[in-house]
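A short worksheet on the structure shown next.
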Amino acid sequence: MAKILDTTLREGEQTAGVSFTVEEKMKLSKMLDEFGIEMIEVGHPNVSPKIEEFIRKVVKEDLNADIVGHVRAVRGEVEMAVDCGVDRVAIFLATSNIHLKDKLKMTKEVAIEKVVDCVQYAKDHGLKVRYTPEDATRTDFDYLIEICNAAIGAGADRISVADTVGVMQPHIFYDLVKTIKTNLRPVGIDVHCHNDFGLAVANSMAGIRAGADCVHTTVNGIGERTGITDLSQYVVAKSVLDNEKLKYDLKMLKQISSYVEKITGIYLSPLMPIVGENAFTHKSGVHTDGVLKNPNTYEPFSPEMIGTERKIIVDKFTGRKAVKSKLDKYGIEASDEELLKIIHEIKKIGDERKIIHETDILDIAEKVLGFKAVTIPTGVDAVLLLRLEAHVYTTSVSRKIKNMHGVEKLYETSGDDDIAIYVSLKNVAELNNLIEHIRSVPGVLSTSTRVVLKKYGEINGNSC
Ligand code: COA
Ligand code: ZN
Numbered sequence: 310m311a312k313i314l315d316t317t318l319r320e321g322e323q324t325a326g327v328s329f330t331v332e333e334k335m336k337l338s339k340m341l342d343e344f345g346i347e348m349i350e351v352g353h354p355n356v357s358p359k360i361e362e363f364i365r366k367v368v369k370e371d372l373n374a375d376i377v378g379h380v381r382a383v384r385g386e387v388e389m390a391v392d393c394g395v396d397r398v399a400i401f402l403a404t405s406n407i408h409l410k411d412k413l414k415m416t417k418e419v420a421i422e423k424v425v426d427c428v429q430y431a432k433d434h435g436l437k438v439r440y441t442p443e444d445a446t447r448t449d450f451d452y453l454i455e456i457c458n459a460a461i462g463a464g465a466d467r468i469s470v471a472d473t474v475g476v477m478q479p480h481i482f483y484d485l486v487k488t489i490k491t492n493l494r495p496v497g498i499d500v501h502c503h504n505d506f507g508l509a510v511a512n513s514m515a516g517i518r519a520g521a522d523c524v525h526t527t528v529n530g531i532g533e534r535t536g537i538t539d540l541s542q543y544v545v546a547k548s549v550l551d552n553e554k555l556k557y558d559l560k561m562l563k564q565i566s567s568y569v570e571k572i573t574g575i576y577l578s579p580l581m582p583i584v585g586e587n588a589f590t591h592k593s594g595v596h597t598d599g600v601l602k603n604p605n606t607y608e609p610f611s612p613e614m615i616g617t618e619r620k621i622i623v624d625k626f627t628g629r630k631a632v633k634s635k636l637d638k639y640g641i642e643a644s645d646e647e648l649l650k651i652i653h654e655i656k657k658i659g660d661e662r663k664i665i666h667e668t669d670i671l672d673i674a675e676k677v678l679g680f681k682a683v684t685i686p687t688g689v690d691a692v693l694l695l696r697l698e699a700h701v702y703t704t705s706v707s708r709k710i711k712n713m714h715g716v717e718k719l720y721e722t723s724g725d726d727d728i729a730i731y732v733s734l735k736n737v738a739e740l741n742n743l744i745e746h747i748r749s750v751p752g753v754l755s756t757s758t759r760v761v762l763k764k765y766g767e768i769n770g771n772s773c
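So in the numbering used here, the last spot in the sequence shown is 773, and the numbers never skip.
In structure tokens form, the structure reads like this:
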């Protein structure tokens with residue numbers, strides 16, 4: 310099984326809008342270590358004092374994972390990495406003509422000299438060394454081999470094949486990695502695949518198949534531009550599609566993803582593979598019927614495997630099995646005829662609005678069955694005051710909440726609270742649902758609720 314180098318703390322922090330605190334980085338390093346990651350790339354020590362502080366701190370943690378510092382091919386930066394006490398250093402210098410000529414303004418010969426000098430220095434100071442030919446996939450092949458073999462000769466034990474602008478396709482990358490491996494002196498090979506065309510995971514898998522033995526990932530696939538190989542997608546694909554027995558604690562995947570979602574403020578699309586909100590959500594009647602009979606009918610692997618749960622949605626696409634499963638949850642019995650009436654009403658509402666809540670289903674069931682299944686007081690207005698985590702972009706949270714069922718007005722405020730929301734709902738159960746829903750939004754630290762007893766006039770002000 311190939312190793313994983315996770316670079317959420319280096320590549321991931323290069324994502325637009327993302328900056329981690331030292332505490333957040335420490336917590337994530339420990340989570341990744343517990344998960345079983347073999348190498349954690351922790352950043353460039355010279356980028357900022359806090360990054361240096363974190364690197365000096367994490368090396369003292371005695372994690373199982375190797376701690377990898379990332380530096381340019383600049384002697385002073387290598388010295389700094391050595392001084393920080395990292396286990397490994399990754400030295401990068403681009404090799405493609407465009408990078409050498411237009412960006413670095415460096416000849417091919419000088420580039421080789423710089424790489425050899427830096428690799429040798431790190432090696433002489435007891436570090437394991439990776440050399441990354443940045444933009445390797447757009448580099449003249451013969452030069453790529455020449456500079457990598459020079460780095461290996463100087464003491465590099467790993468070469469990272471960087472698809473820096475994500476232009477590879479699996480069959481092409483497979484051939485490239487295979488040929489690189491054949492032409493290099495014996496060395497470990499990493500693959501670092503950017504996701505500009507959405508092919509990062511597929512290319513990484515192809516690279517491993519071709520003989521690379523380490524994949525670079527980030528949690529939630531974050532990174533420069535559109536990011537790199539997503540950790541969850543890669544490991545679950547390896548486990549399920551390649552049927553590999555992995556040593557990682559896959560049950561931690563959802564938790565790790567949610568933590569990174571929270572500390573980055575970058576919210577996952579519900580459609581995100583593996584960890585997205587919809588990955589195990591079933592909606593149409595035919596699908597929910599199948600899943601209730603055997604989850605395998607519409608799930609390629611079980612949600613428990615990554616530490617999450619299945620959801621069944623009830624709306625106008627619903628059939629009898631899904632509704633019955635909801636009623637069973639509340640111990641409500643209905644005959645076939647009553648069930649059809651309930652479904653008829655659900656479809657009517659479903660045609661009128663987007664979301665149907667469990668409380669709607671209970672209301673309908675009560676009407677059709679002619680008794681009170683659950684007693685719920687009706688008509689509740691409330692003001693919810695929200696506090697957000699530090700470093701969370703308030704507007705990104707507002708956008709998530711403003712269209713939730715029952716939200717009438719939303720204000721971003723100064724003072725102790727960050728957001729104030731006026732909500733109007735049918736009953737306390739609905740209010741409860743809404744509060745739960747808001748609490749699950751990453752970045753929300755706390756909510757406090759004021760139920761409205763009397764209302765005078767209208768509420769004025771800007772809402773978003
Ligand atoms: N090795 C050596 N030099 C490199 C290099 C490499 N791998 N990659 C780029 N450079 C050079 C560029 O040619 C440019 O040099 P120039 O100033 O002579 O034109 C310089 O590095 C980058 O420009 P700039 O960022 O303006 O330089 P700086 O000295 O002010 O800052 C950093 C350098 C590294 C401290 C700063 O860019 C930074 O904090 N970067 C964040 C980390 C980062 O860029 N990571 C990318 C990882 S792929
Ligand atoms: Zn990268």
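Positions of the beta carbon are idealized from the N, C-alpha and C atoms, including for glycine. Note that this is a predicted model, so its numbers are computed, not measured.
{"Asked": "Within-7 angstroms CB hit, proline 751 to chain D", "Found": "Structure shown: chain D not included; a single protein chain is present."}
{"Asked": "Closest Cα partner of lysine 764 within the set Phe450, Ala691, Asn529", "Found": "Ala691"}
{"Asked": "Of the listed residues Pro579, Ile622, Ile575, nearest to histidine 596 (C-alpha basis)", "Found": "Ile622"}
{"Asked": "Bounding residues of the alpha helix (DSSP H) (the contiguous stretch that carries asparagine 458)", "Found": "450–462"}
{"Asked": "Buried versus exposed call for glutamine 542 [16 or more other C-beta atoms within 10 Å across all chains shown]", "Found": "buried"}
{"Asked": "Distance CB(leucine 743)-CB(leucine 697) smaller than 7 angstroms", "Found": "no"}
{"Asked": "Three-state class that DSSP yields for glutamate 717 in the structure shown", "Found": "strand"}
{"Asked": "When Asp426, Ile531, Glu388, Asp396 are compared against leucine 402, the one with the closest alpha-carbon", "Found": "Asp426"}
{"Asked": "Those residues, in chain order, that have a beta-carbon closer than 7 angstroms to some heavy atom of the ligand ZN", "Found": "Glu320, Ala471, Thr473, His501, His503, Gly532, Glu533, Ile537"}
{"Asked": "Touching by the beta-carbon criterion (3+ pairs, under 8 angstroms), the segment 554–562 and the segment 332–344", "Found": "yes"}
{"Asked": "Cutoff 7 angstroms; reference asparagine 458; Cβ partners in own chain excluding five residues on either side", "Found": "Leu493, Arg494"}
{"Asked": "Inside the segment 347–386 only - beta strand (DSSP E) runs reaching at least 3 residues", "Found": "348–352, 375–381"}
{"Asked": "Glycine 536 and asparagine 504 closer than 7 angstroms at C-beta", "Found": "yes"}
{"Asked": "Phenylalanine 401 Cβ short of 6 angstroms to the ligand COA heavy atom set", "Found": "yes"}
{"Asked": "Exposed unless 16 or more other CB atoms sit within 10 angstroms - verdict on phenylalanine 482", "Found": "buried"}
{"Asked": "Residues that DSSP places opposite histidine 501 in a beta bridge", "Found": "Ala471"}
{"Asked": "Reduced DSSP category for alanine 546 - H, G, I as helix; E, B as strand; rest coil", "Found": "helix"}
{"Asked": "CA-to-CA distance, lysine 718 to glycine 475, given in whole angstroms", "Found": "43 angstroms"}
{"Asked": "Coil, strand or helix - glycine 628 by DSSP", "Found": "coil"}
{"Asked": "Given 8 angstroms, three or more beta-carbon pairs between the segment 498–512 and the segment 524–532", "Found": "yes"}
{"Asked": "Per DSSP, cross-strand counterpart(s) of alanine 399", "Found": "His379, Arg439"}
{"Asked": "Leucine 740 Cβ short of 6 angstroms to the ligand COA heavy atom set", "Found": "no"}
{"Asked": "DSSP-derived helix/strand/coil call for glycine 688", "Found": "strand"}
{"Asked": "Supposed close pair lysine 410, alanine 382 - CB separation, criterion 8 angstroms", "Found": "Rounded, the Cβ-Cβ distance is 16 angstroms, inconsistent with contact."}
{"Asked": "Exposed unless 16 or more other CB atoms sit within 10 angstroms - verdict on glycine 715", "Found": "buried"}
{"Asked": "Three-state class that DSSP yields for isoleucine 710 in the structure shown", "Found": "helix"}
{"Asked": "Per-residue DSSP class, three states only, for valine 496", "Found": "coil"}
{"Asked": "6 angstroms CB neighbourhood of isoleucine 454 in its chain, flanking five on each side removed", "Found": "Asn492"}
{"Asked": "Same chain only: Cβ atoms within 6 angstroms of alanine 519, ignoring 5 sequence neighbours per side", "Found": "Tyr483, Val486, Lys487"}
{"Asked": "Span of the beta strand (DSSP E) around asparagine 742", "Found": "First-last for asparagine 742: 737–748, but that is the alpha helix (DSSP H), not the beta strand (DSSP E)."}
{"Asked": "beta-carbon leucine 413 near the ligand COA non-hydrogen atom, thresh 6 angstroms", "Found": "yes"}
{"Asked": "Cβ separation of isoleucine 651 and valine 632, assumed to be a contact under 8 angstroms, to the nearest whole Å", "Found": "6 angstroms"}
{"Asked": "Local Cβ density within 10 Å of asparagine 512, reported as buried at 16 or more and exposed below that", "Found": "buried"}
{"Asked": "Isoleucine 768 versus histidine 700 - alpha carbon distance", "Found": "Low confidence applies here, because isoleucine 768 scores a pLDDT of 41, under 50, leaving its location unreliable; read the following figure in that light. Cα-Cα distance, rounded: 30 angstroms."}
{"Asked": "Pairwise C-alpha distance: serine 707 and serine 772", "Found": "Residue confidence for serine 772 is low, a pLDDT of 37 falling below 50, so the modelled location carries little weight; the figure read from the coordinates is stated next. Cα-Cα distance, rounded: 10 angstroms."}
{"Asked": "N-terminal and C-terminal residue of the beta strand (DSSP E) that aspartate 315 is part of", "Found": "312–315"}
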